[in-house]
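First up is the structure itself, then whatever we jot down about it.
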Amino acid sequence: MVKADEQAAKAGEGRVRLPRPPRLVLGRVPVDRISMEYAAVLVVEALQQRGNYPPLKIVGPNAHLVTLAEHNGRFAEAMQAADLAVPDGISVVMASRLLRAPIPERVAGGDLMERMCAEAAHYGFRVFFLGGLPGAAVMAAYNLQARYPGLRICGTYCPRAGFEEDWQEELRVRRAIAEAEPDLLCVALGAPKQEIWMHENAAGLPVGAVMSVGAAFDTQAGLRRRAPRWVQRMALEWLFRLLMEPRRLGRRYVVGNTEFVVVVLRQWFREKMAGVRKRWTDARLGRVSRDEARG
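Residue numbers (the working numbering): 10 to 304.
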């Protein structure tokens, strides 16, 4: 388990916020250049300081979310407001290398959720599951508690579709969370709904951190299959998911991933041109030679 107290002590006197990792912006979406280990340290530290700061908002950018933000300003705003944006997709990691701002590794949202459940069992944090397919949160809670003895799932709630348009159901959701008083709230409503809901509601919830987890409840419950570890290590989980759900994911991967490549290449070209202009400006001002400017 991570030792957040020791990490905080090294960062400064007393219990203080830990340094945030450097960020890369892809299109309209920020991505933290962070590892799984340090992400877990940051979340544990936020949970231990619950009440001293607003809830830590955690999202997981991937290629789909980057392209979604290009067309949805409300969603882009929610992503930009996140305190921690872990690199959920391998495409994001590869793009970071092209843009010379390398991300150390992929931090899948489902993996981070399970890691935080392990940390919660160790530290005694209370966890609440919101969303997922009908029955998924309950079964996921059961499986995770069996895997991590001592894990305290203090509540689950599966709101009906379109609940955010029904103020009474919205009130029931918020009341269920408030009465459970979780340290960590995991939200599985699907993008862009989950990120927007977190952005608009997190500040008023009595939690230490709120995390978007996508289909993590469904996979933990066994309602959806996740790619084997060897497929994940080969960066082919997207292909496995496409083969499993071609109708639902076909357009996302064929059209969306193409648009993601366009977004990344456009950004790479702009940054390349900005570097060329700077070198030629430096050459005109005598800061570098013209040969250096051509390089």
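Even glycine gets a Cβ: it sits at the ideal position worked out from N, Cα and C.
Predicted model, so just to flag it, every value in this text is computed and none were measured.
Per the Cβ contact rule, the region 174 to 189 is not in contact with the region 152 to 160 (fewer than 3 Cβ pairs under 8 Å).
Taking every protein chain shown into account, the CB of Lys281 has fewer than 16 other CB atoms within 10 angstroms, so this residue is exposed. Its chain contains Leu139, Val182 and Ala185 as the residues whose beta carbon lies nearer than 7 Å to that of Tyr166, once the 5 sequence neighbours on both sides are disregarded; these appear in chain order. Selection Ala78, Leu121, Leu56 and Ala94 evaluated against Leu33 yields Ala94 as nearest (Cα-Cα). In the DSSP secondary-structure assignment, Pro39 is bridged to Val34. Annotation for Ser100: the continuous alpha helix (DSSP H) segment containing it runs Ile99 to Leu107. Secondary structure of Cys195 (DSSP, three-state): strand. The alpha helix (DSSP H) runs lying completely inside the region 77 to 141 and spanning 4 residues or more are 82 to 89, 99 to 107 and 118 to 132, given in chain order. Take Trp206, set aside five residues on each side of it, and the residues of its chain with a beta-carbon closer than 7 Å to its own are Glu173, Val196 and Leu198, in chain order.
In the displayed model, Arg161 falls within a strand according to three-state DSSP. For Val219, the secondary structure class from DSSP, reduced to helix, strand or coil, is strand. Between Gly217 and Ala55, the CB-CB gap stays under 8 Å. Asn210 has its alpha-carbon roughly 11 Å from the corresponding atom of Leu180.
Arg59 carries a strand assignment under DSSP once its states are collapsed to helix, strand and coil.
In this structure, the beta-carbon distance from Val116 to Leu35 does not fall below 8 Å. Collapsing the DSSP output to three states places Leu27 in coil. Here Ala200 is actually not in contact with Leu65; their C-beta atoms are around 19 Å apart, not less than 8 Å. Selection Ala225, Ala130 and Arg169 evaluated against Asp120 yields Ala225 as nearest (Cα-Cα). In terms of Cβ geometry, Ile99 and Ser221 do not form a close pair [threshold 8 Å].
Looking at the DSSP output, Lys287 sits in no beta bridge, so it has no partner there.
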